[in-house]
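S.K.: In this note's numbering, the protein residues as written are 233 to 406. Ideal Cβ positions, reconstructed from N, Cα and C, are used throughout, including at glycine.
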Amino acid sequence: MKRAFVVALGGAAIVVGGLAGCSSDKSTSENVSSATDTAKSAASSATSAVTSATDAVKGNPPPGAAKVTIDGAEQSINGTVVCTAAGGNYNIAIGEAATGIAVVMSEDASAVHSVGLGNVNGVVLGFQEGVPGGEASASKDGNTYTVKGTATGVDMANPMAPATKPFEVVVTCP
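Right under this line is the structure:
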């Protein structure tokens, strides 16, 4: 990955030199300014490409996407990913309002306060900090958050039989 970044940065330097050397009626300072802007844009694009490639190698979803696994089965979630910081918490909403998933955790991902996984095969699953039976932890790697643990729920077909299911949510915030 570092090699790709160095190559991209070297390419940007060549572009700067080429643009500065092939001047038109512009002054030297205008050419240098234009070349510098082009180099900054190229470096920014290269950094973005390297970050996306690094995330892909790590198995992280692309920005604005999520991977949700419940009880070992990957879930199909339709809709967008929205990430916001508010009141010392970091909120992640994945999917549509009726069928989506929600996570509330500390901004630094050191504590998970709640996870709403919705109805999974007739069982409404979630985690709430302080409620016995479930647990959750989170980690952060750049803009990618991983939240995993055990959710508790109620099987609507048999409300007297509590259920617990392992889950993992990996989301890369846009």
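1. To which residues does DSSP link D373 through a beta bridge?
2. Spatial neighbours of A298 within its chain, please: CB distance less than 7 angstroms, with the 5 preceding and 5 following residues excluded, ordered by chain position.
3. If I measure Cβ to Cβ from G354 and keep anything under 8 angstroms in the same chain, skipping five residues before and after, which residues do I get?
4. Would you list the one or two residues that DSSP bridges to T301?
5. Take R235 and list the residues in its own chain whose beta-carbon comes closer than 8 angstroms to its own, dropping the five residues that flank it on each side.
6. For E361 versus H345, is the C-beta spacing smaller than 8 angstroms?
7. When burial is assigned at 16 or more other CB atoms within 10 Å of the CB, is T384 buried or exposed?
8. I think G348 touches I333, with their Cβ atoms under 8 angstroms apart; what is that distance to the nearest whole Å?
9. With which residues is V386 paired in a DSSP beta bridge?
10. What residue ranges within the region 312–365 form continuous beta strand (DSSP E) runs of no fewer than 3 residues, ordered along the chain?
11. Can you tell me whether DSSP reads G291 as helix, strand or coil?
12. Please return the same chain residues whose Cβ sits closer than 6 angstroms to the Cβ of P406, not counting the five positions on each side in sequence.
13. Assuming the contact rule is C-beta atoms closer than 8 angstroms, P398 and D303 should be a hit. Round their C-beta distance to whole Å, please.
14. Near T382, which residues of its chain fall below 6 angstroms by C-beta distance, leaving aside the five closest residues on each side in sequence?
15. Enumerate in chain order the residues of its own chain whose CB-to-CB distance from K372 is below 6 angstroms, with the five nearest sequence positions on each side excluded.
16. Less than 6 angstroms between C-beta atoms, sequence neighbours within five positions excluded: which residues of the same chain meet that for Y322?
17. When DSSP builds the beta bridges, which residues end up paired with G381?
M.R.: This is what the structure gives:
1. Bridge partners of D373: T376.
2. Here the set comprises I309, V313, I326, V401, V402 and V403.
3. Closer than 8 angstroms at the Cβ level, and outside the excluded window around G354, lie D387, M388 and A389.
4. Answer is E306 and E400, bridged to T301.
5. Unreliable placement is indicated for R235, whose pLDDT of 39 sits below 50; no coordinate value is reported for it.
6. E361 places its beta carbon less than 8 angstroms from that of H345.
7. Here T384 is buried. Its C-beta has 16 or more other C-beta atoms within 10 Å.
8. With a Cβ gap of about 6 angstroms, G348 and I333 count as contacting.
9. For V386, the pairing in a beta bridge is given by DSSP as V356 and P394.
10. For secondary structure counted as the beta strand (DSSP E) over 3 or more consecutive residues, the region 312–365 holds these complete runs in sequence order: 313–318, 321–326, 333–338, 344–352 and 355–360.
11. Annotated three-state conformation of G291 is coil, per DSSP.
12. Excluding positions up to five away in sequence, the list reads P295 and G296.
13. With a Cβ gap of about 6 angstroms, P398 and D303 count as contacting.
14. Answer for T382: G366, E367, T396 and P398, listed in chain order.
15. By the criterion of a C-beta distance shorter than 6 angstroms, K372 is surrounded in its chain by A341, once the five residues flanking it on both sides are discounted.
16. Take Y322, set aside five residues on each side of it, and the residues of its chain with a beta-carbon closer than 6 angstroms to its own are M337 and E339, in chain order.
17. BP columns for G381 point to A368 and F399.
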